[in-house]
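According to UniProt numbering, the stretch in the sequence shown is residues 1 to 1139, in order. To start, the structure under review is shown below, and the notes come after it.
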Amino acid sequence: MTRSSPMCEEGGEVLRPWRFIRLLTVAVVLSNLAALLLGGVSLYDSHQRAEELARQTTRNLVHVLDESMARSGRTIDVTLRAVVDELEREERAGQSGPARDEFVMAMLARYKNWLPEAEGIRVFDEHGKARWTSRSGPSARISVADREFFKILQADPQRGLFVSRPVVGRLVPGWVIPFVRRFNHPDGSFAGVVSAIVPVATVTEALARPQLGPGGSAILRYEDLSLIARHPPVAGPAGQVGDSQTSGQFHALMAAGQSSVTYHAPKTSDGPERINSVRRVAGLPFLLVVGMASDDYLQAWRRELVETVCLLTLFMLITVGSAILIGRLYRRQQHYTERLQDSKTHLEAALLDLRDRDRALGAAELVAGLGVYSIDLVSWVPQSSPRLLEIFGVPANTVLGEREWSEALHPADREAVLADFVGGLLQEGRPYDRICRIVRPSGEIRWIHALGVAERDAAGKLVSVHGAVQDITERQCAEASLQAALDEHEKLVARIPVGVFKQKVGQDGRITFVYVSPRFCEQLGVTVQAVLDDARVVLRCLHPGDAAGFAARCRAVLRHPGPFEWEGRVVVGGALRWVSVLSTPTILDDGELLWEGVQSDVTDRKLAEIALRDSEERYRLLLQHSPVGILHFNNDLKVSYCNLQFAQIMNVPHGYMLKLDCSALKDQRVIPAMRAALEGSFGEYEGPYQTSYAGQNLNIAMNCAPVRDEAGRIVGGIAILQDITDRVMKDRELARYRDSLEELVVERTADLEASRAEAERLARVKSEFLANMSHEIRTPLNGVLGLAHIGYRESQGRDRAQDTFARIVSSGQLLLGIINDILDFSKIEAGKLRVEVIPVDPGKIIGETLELMEERAQAKGLALRFHRASPLPPRCMADPLRIGQVLLNLLSNAIKFTENGSVTLNASHDGEHLLFQVRDTGIGMSAAEIAKVFAPFEQADNSITRKFGGTGLGLTITHRIVELMGGTLRAESEPGKGSVFEVRLPSALVSVVSVDAGEACLADVPQGAPGARLAGYNVLVAEDNEVNQMVLEELLLEEGACVTLTGNGQEAVDCLRASGAGAFHVVLMDVQMPVMDGYAATREIHVLAPALPVIGQTAHAFDEERARCFAAGMVAHLAKPIDPERMVRAILRHGVKRA
């Protein structure tokens, strides 16, 4: 039985546990209450100080704002008084007029500088109309007669400064506060008011200056409590100017008439709880309210509150935790004392039990052959049983310590065993279980199985190790022999190309694999362990199409056990494989079936069989449906195979051909070719043939070749047959056609030669006709336009005459355009229009084109615009003449068909193409009209032709020119909305461009002053038309030149011969003249004066004429009618002026 604790025996002197815990609890509660009381008092005092500081801060801030506003009010009042005095002084002086207005406005502007917070100072007369203001602006129509301040000051002569409620400004946007004073006439009657306008926004800025915190507010109210301004602004009615909704508390305080008060507002219009200070502004009808939100002024106090609560909580946790810890330690001390007594009693009983167990353990060692050991880890003294010493082969009195154990271990096992025994068992206490070898002192090697466990004390510390050792040498030798046999068996199974398996089927029908070889698993793409764990892994590898057949076969052999054979498909890693399974059953003693068998991968064989079947079927179909007849015959000329086409060609049943003996054919003409194949060569026959079955006459082609076996012996032949009856008939027909065609070709060739000669003659006649027509029209037209130009110049100051001559010039230019259109169209039709590719400046071409069209656009009142969509290249390769012609035609057409609005030319470059777009606001076109807009001689309808005129060739020529340049032209239009013509031309950029000589550079010649540009030039003119002579003479004389006229080329040559080579600076030479034409005359002149330049004049506008002029030696070419400006510039460029 357990003894009583000493503490129990001396209860009178030692505190009992329940009494000690009660005293400890009381002490902890009292100390925590004291700490809570001190923290509460400190927080209350801090809260009071924070509120008092907020009250004092709001009183100071409202006082500062009051002083600021009162000072501003006094300044405004003084300023207004000064203005009133100045105005009344001016009234008494009786001044009026602009001088007084300037004086008053200057005075107001000067006083305005005193009032930076005011928007301006204004003076209104007795009717309320604005008379003067400190700022310039539209104020003359402003009236304040309806304003409250105007009515009050008009009715009360003794009223001083009046500050109005906020009103919406009529000159200044937003709310303003008028500060107003009355001024009088000299007789004391009402003369008007002077007002200083202070924007409410300025007041709001002043309210925003004090730092009141995020929740604070500064408010200015009128004396009737209506809102003037507040900061920060709030949404809703409470933030609107004029709002008079306030709390009852605020109403009561203001009704008491106090000038300054500070109070706590638990609820405000915008939400936060605040301490507000209110003050009436001295001298002004304003109330100032400045408030600080409790969230702002109590922010520091709340931080202190959190810190205090945290400290008190920590203090309470520490005191309560300490008390609990002390109580537990007290109880644990009592518990240890009681357990010490119990341990002593148990120890005595355990010693008796251990003696009994030691005797039983000795007996067990003898029976089981076990050697037992133990090690005291405190003293490190080992103990070993006699049997253990026998196992190790050492004398009976040997002490097996750590060194003896280590020396006895086999060298190959020593390191691993010691690491496991010492590190695992002795140091960490892990269970020890090891099979290893030892070497006895005699050198004999033995196998042992060693076990060991560790014992720990109550604190978990290792105190001892106990274990046993068994000699297993004989068992190890038997296991090694068995394992060697198994390894040899596994090697044998792994080397064979088939998988081996053993499968057991229980009486309940459950299937398990007893053994599977690695090859078996490799063939199915599974692991050995997976198959041994679950036989269904193998079934999952079966192809879905073969799973049902496999299951049926398995059920059959299970009902009637016997050899099992199956061949089918399995899915391995997503790929299809074929396997063959063979197995036989054995009935075990317990009634279960053991299936032992092999599995082979037959994929390659199966694929070869399938490929062979497919190939045989493919070739069979090819032969059967070949477009030629195929026949196989043996050495006796008997048919062994015939396809359908062969039978169809011969017009016999297919079955008849398969039984045919070719040696018995009625028509033997094919037999030599077949016998040639049987002799090892190739035989051919082509010609007529009569069938034996129906007696039909055919034309056939047969080719025969030998067929050999694997030894190279000829075993038959193959014949390829074609029906060539249709080909023979066609050859005969073609021969007849060929003969007739040769005769027809001879006839047609003669006709074509005659037609070509006639066509060339007609083309020549047409060209001559057009040239003559051009000459006959241009020659008189040159005179008409020349005389019109002269008349236009000489009719300066006579508007009607000048207008008439201008109309003649315009009509002549129109006629010239029609002639040019007809000639260009003729060139295009004849394929003689040439396109040049030379360096050009696109911007220059566009500028010249717009300059030419500008006058026509202005004459119709149209806006001619240009837009550059993207930068244009400075130089590119193109035809400047044709580009200019295209743009002129499109712009002229747009101006013609546009009555009002604008014509726009857009230009851009995309790297490879020049893009021009002409857009107008004219009459537009329908879809049907667009379809024929590029057709020659076509216009929308006859009314268009009658209204606008034209040949209908302009757009056709433009379209053909664009195509010749490799570009495109397209049109878009809607009736009444205008049209858009877009030209896209290919272009190649060039970096350096050399300027061409000739007419392309005439634009570089300075024009000089009209009337004097040819002064000092002697010009020889050869012209057979008198009117043209007169025109040229007049034009040249106007420019200051000396002119010598001749009637033909011979006269010009004679004149030059008579006057000398240096008499003239330039020659103007007409081409078509009697006696001697211009070409011959030019050649004669170059003989007499090689350096004298000759400029050709021709009525022909063909490129051929230009080429003939330059070939004759002329330096330039002018087409009639002559453009005076172009002629002058050509003379200036090419003329040789001598000093």
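For each residue, glycine too, the CB sits at the ideal point set by N, CA and C. Everything numeric in this text was worked out from a predicted model, so none of it was measured.
When burial is assigned at 16 or more other CB atoms within 10 Å of the CB, is residue i buried or exposed?
{"i": "residue 275", "result": "buried"}
{"i": "residue 1152", "result": "Beyond the ends of the chain as shown, which are 1 and 1139, falls residue 1152; an answer cannot be given."}
{"i": "residue 737", "result": "exposed"}
{"i": "residue 1004", "result": "Low local confidence applies: a pLDDT of 43 at residue 1004 is under 50, so the model's placement there is unreliable, and no value is given."}
{"i": "residue 280", "result": "buried"}
{"i": "residue 977", "result": "exposed"}
{"i": "residue 866", "result": "exposed"}
{"i": "residue 222", "result": "buried"}
{"i": "residue 1120", "result": "buried"}
{"i": "residue 966", "result": "exposed"}
{"i": "residue 2", "result": "Caution applies to residue 2, whose pLDDT of 41 falls short of 50 and renders its modelled position unreliable; the model cannot decide the point."}
{"i": "residue 1152", "result": "It is not possible to answer for residue 1152, since the shown part of the chain is limited to 1 through 1139."}
{"i": "residue 95", "result": "exposed"}
{"i": "residue 762", "result": "exposed"}
{"i": "residue 69", "result": "buried"}
Give the DSSP-derived three-state secondary structure of residue i in the structure shown.
{"i": "residue 625", "result": "coil"}
{"i": "residue 129", "result": "strand"}
{"i": "residue 1078", "result": "helix"}
{"i": "residue 704", "result": "strand"}
{"i": "residue 1036", "result": "helix"}
{"i": "residue 578", "result": "strand"}
{"i": "residue 1127", "result": "helix"}
{"i": "residue 1136", "result": "coil"}
{"i": "residue 175", "result": "strand"}
{"i": "residue 907", "result": "strand"}
Please say whether residue j and residue i have beta carbons closer to each other than 8 angstroms?
{"i": "residue 917", "j": "residue 906", "result": "yes"}
{"i": "residue 1036", "j": "residue 1064", "result": "no"}
{"i": "residue 469", "j": "residue 454", "result": "no"}
{"i": "residue 273", "j": "residue 294", "result": "yes"}
{"i": "residue 895", "j": "residue 853", "result": "yes"}
{"i": "residue 278", "j": "residue 253", "result": "yes"}
{"i": "residue 1088", "j": "residue 1061", "result": "yes"}
{"i": "residue 418", "j": "residue 406", "result": "yes"}
Among the options, which one has its Cα closest to the Cα of residue i?
{"i": "residue 1090", "options": "646, 1106, 1053 and 425", "result": "1053"}
{"i": "residue 410", "options": "379, 383, 444 and 571", "result": "444"}
{"i": "residue 426", "options": "402, 412 and 545", "result": "402"}
{"i": "residue 242", "options": "541, 229 and 643", "result": "229"}
{"i": "residue 701", "options": "726, 715 and 713", "result": "726"}
{"i": "residue 327", "options": "880, 27, 1041 and 784", "result": "27"}
{"i": "residue 843", "options": "862, 1078, 750 and 869", "result": "869"}
{"i": "residue 172", "options": "146, 199 and 352", "result": "199"}
{"i": "residue 183", "options": "169, 206 and 157", "result": "157"}
{"i": "residue 128", "options": "1084, 151 and 650", "result": "151"}
{"i": "residue 121", "options": "884, 76 and 160", "result": "76"}
{"i": "residue 58", "options": "97, 89, 297 and 335", "result": "297"}
{"i": "residue 657", "options": "638, 667 and 666", "result": "638"}
{"i": "residue 1043", "options": "1058, 263, 336 and 1016", "result": "1016"}
{"i": "residue 545", "options": "537, 397 and 570", "result": "570"}
{"i": "residue 217", "options": "680, 882 and 271", "result": "271"}
Establish whether the CB of residue i and some CB of chain D are separated by less than 8 angstroms.
{"i": "residue 269", "result": "The structure shown has no chain D; it contains just one protein chain."}
Given 8 angstroms, three or more beta-carbon pairs between the region 495 to 504 and the region 585 to 598: yes
Contact between the region 1111 to 1118 and the region 1010 to 1028: three or more CB pairs below 8 angstroms? Contact check between the region 1111 to 1118 and the region 1010 to 1028: fewer than three CB pairs, one atom from each, fall below 8 angstroms, which does not count as touching.
Three or more beta-carbon pairs under 8 angstroms between the region 112 to 126 and the region 65 to 83, yes or no? The region 112 to 126 vs the region 65 to 83: in contact.
Would you call the region 627 to 647 in contact with the region 717 to 731, where contact means no fewer than 3 C-beta pairs closer than 8 angstroms? yes
Does the region 1030 to 1050 come close enough to the region 1065 to 1076 to have 3 or more Cβ pairs within less than 8 angstroms? yes
Can you find at least 3 beta carbon pairs, one from the region 549 to 562 and one from the region 529 to 536, that sit closer than 8 angstroms? no
Count the CB pairs spanning the region 308 to 315 and the region 37 to 45 that are closer than 8 angstroms, and state whether there are at least three. yes
Using 8 angstroms as the threshold, is the region 207 to 217 in touch with the region 143 to 162, meaning 3 or more CB pairs across them? no
Between the region 666 to 673 and the region 682 to 691, are three or more C-beta pairs nearer than 8 angstroms? yes
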